[in-house]
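Notes to accompany the following structure.
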Ligand SMILES: Cc1cc2nc3c(=O)[nH]c(=O)nc-3n(C[C@H](O)[C@H](O)[C@H](O)COP(=O)(O)OP(=O)(O)OC[C@H]3O[C@@H](n4cnc5c(N)ncnc54)[C@H](O)[C@@H]3O)c2cc1C
Ligand code: SF4
């Protein structure tokens, strides 16, 4: 039953899009790809901007928070909350305008990154941030997270591509955030409405705390945490679109984005340097950078071994020789295949002679390169498929430090985790100092939950020591926001809170993220109270906790989106959400992409699911055990 029947009925009267307040929908929308689960109040799937305005105003009237949602692939929990979810990924997906000459596009927030690029392929241009989830991440979500990809050393982060944003403020007022001359900024400040207050307060806060901003914001190539005061301070003409970027839906609701598009690379070549020692690999990164690679990625031995043992991936591992502790994947862009190959060969010789690589392989043809990227992109899916009670848990997985100190930083992280008798695994965007370190923990064990916090706080100290950032691309969400007071210090943290209050006086925009956050152990999807419910079935299937709710299928094809994702996108009948959506590949049911689920079908699938969540209040009543 709907927890707020009046809100629901008012929304039904006012909104053209879909309204989902049933138990199944709220359960499905209670997760993203993070560790967390919180049941939302309800879900609105808006047809257009007017629907979003109505939803926001109606929610505000009932004192209900709102939570914007794109693909729901966030890893830090910023896309879950006790709020009215507004999901742009079904209808608000239009490519509104393409200007190839000036190299920009205008899009609605729900358009998926790869779909956008498919649509503009003929122009020879593309939207560059290449997140590993590019087949399901929406541009709005990428902007709100300030996402970045493997080629960020060339293209930067999403914020570097944002020209302007149209957005709804907390009162439902529509505004445009773009670069303003000092005179235009002054005119904005003179306005008597919420927008005017935002411009005045932003200027006051950035100017008042300029010294602290310079001192506290780390000088790293990747930063996704906190509010981006540092970017404004560095700009001659302020662009508040860059403050909205990375704000995780806590300041404004993006309804339209104008973003840059760049030429596709003409030719590429990849060198794969193999090392017996992972720290030799890390030490080799700084000397590689003057060769101007387009990407340098690190794959460690657990991932490579799992890839070689995986039936599907084995045949793509043609580039691996021997049993490396780590492989550096170094890619070059150039004008012709010959020029790219020449750069690969030049670095090959240097890296063997000077940097302790025991061998190097080359991927110069399109097919060889496709193999390399297929295995690289399968990284997380592979990790999540690891057998055993302990899983590679994400909470310190996104720290970024200056490239030069990466070996020392990671040595100390490994020692910290080792001191608790736990193991770690990682893959890394080493070209920009970002290591996705995952700690092997069993969050169904209360002691491991305590350990998670100790390791998180210990890592924060190391990140501060090495001048890094706790989040390089995945954001603060529920898992890292609690660290912001210590990371940014009391003065800047208070400034963040004042900024939030200026934008969102009622505190209804995705509250509890970036500022005023919960402890990281609260609302865990799989925690000490998690129990497996045994259901007798004809076929066996694995429990959900063995898989990342990440739309990557760990079991079968780790680099590909899951079957349910593909199916849901094809039918458009049910919301596209991450786990606990039932998995076609793991249920004794075969789903065909062109069928619509009959009434109760989803309910059947979910009730067949053999688990219940850590947080029983997050479950529909019909799923609770007797
Ligand atoms: C397997 C895996 C690999 C990943 N790899 C990468 C990677 O390589 N690089 C990287 O940066 N990230 C990565 N991520 C994290 C995630 O995929 C990215 O952050 C992605 O860009 C999020 O997009 P989304 O559409 O799923 O956003 P969502 O999760 O739907 O939303 C993200 C945030 O944006 C807000 N939001 C969404 N829409 C709007 C809107 N219209 N207005 C205002 N706020 C909005 C939400 O409230 C939320 O706070 C990975 C995640 C997984 C599971
Ligand atoms: S296999 Fe299933 S549980 Fe795993 S990510 Fe895919 S849909 Fe989610």
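In my numbering, the protein residues as written are 86 to 711. Glycine residues also receive a C-beta, built at the ideal position from the N, C-alpha and C atoms.
Pairing residue 214 with residue 171 gives a Cβ-Cβ distance that is not under 8 Å. For a cut-off of 8 Å, the C-beta gap from residue 413 to residue 369 is around 6 Å, short enough to register as a contact.
Annotation for residue 472: no beta strand (DSSP E) segment contains it, and DSSP assigns it neither H nor E. Put simply, the backbone Cα of residue 141 is about 35 Å away from that of residue 347. Just measuring C-alpha positions, the residue of 601, 577 and 613 sitting nearest residue 292 is 577. In this structure residue 286 does not touch residue 260 by the C-beta definition: roughly 14 Å separates them, more than the 8 Å allowed.
Per the DSSP secondary-structure output, residue 312 pairs with nothing in a beta bridge.
Residue nearest to residue 550 within the set 200, 484 and 509 is 484 (criterion: CA-CA distance).
With the rule of 3 Cβ pairs closer than 8 Å, the segment 115 to 127 does not count as touching the segment 175 to 189. In this structure, residue 524 has its CB at a distance of at least 7 Å from all heavy atoms of ligand 1.
For ligand 1, no non-hydrogen atom lies closer than 7 Å to the CB of residue 141.
If you check the C-beta of residue 194 against ligand 1, you find a heavy atom less than 7 Å away. Under the three-state reduction of DSSP output, residue 99 falls in the helix class. Residue 554 sits in a strand when the DSSP states are folded into three classes.
Residue 394 sits exposed, since fewer than 16 C-beta atoms from the chains shown fall within 10 Å of its C-beta.
Counting along the chain, the unbroken beta strand (DSSP E) around residue 445 starts and ends at 444 to 448.
Looking at the backbone, the Cα of residue 351 and that of residue 539 are separated by about 47 Å. Closer than 7 Å to some heavy atom of ligand 1: that does not describe the Cβ of residue 391. Take residue 508, set aside five residues on each side of it, and the residues of its chain with a beta-carbon closer than 6 Å to its own are 525, in chain order. Membership of residue 524 in the beta strand (DSSP E) is indicated by the continuous run 519 to 526. Between residue 474 and the set 310, 163, 147 and 615, the nearest pair of CA atoms involves 615. Rounded to the nearest whole angstrom, the CA to CA distance from residue 459 to residue 404 is 12 Å. Straight through space, the alpha carbons of residue 321 and residue 448 are spaced by roughly 43 Å.
Proximity of the beta carbon of residue 569 to ligand 1 is not indicated: no heavy atom of the ligand is located closer than 7 Å. In the DSSP assignment, residue 187 forms no beta bridge with any residue. The beta carbons of residue 446 and residue 384 sit no closer together than 8 Å. At least one heavy atom of ligand 1 sits closer than 7 Å to the Cβ of residue 218.
The Cβ atoms of residue 225 and residue 561 do not sit closer than 8 Å to each other. Under the three-state reduction of DSSP output, residue 164 falls in the coil class, being neither helix nor strand.
The beta carbon of residue 607 is closer than 8 Å to those of 563 in its chain, skipping five residues each way along the sequence.
According to DSSP, residue 129 shares a beta bridge with 104 and 171. Secondary structure of residue 263 (DSSP, three-state): coil. At least one heavy atom of ligand 1 lies less than 7 Å from the C-beta of residue 154. Excluding five sequence positions before and after residue 531, the CB atoms of its chain that fall closer than 7 Å to its own CB belong to 613, given in chain order. The DSSP-derived three-state label of residue 491 is helix. In the structure shown, the three-state DSSP call for residue 464 is helix.
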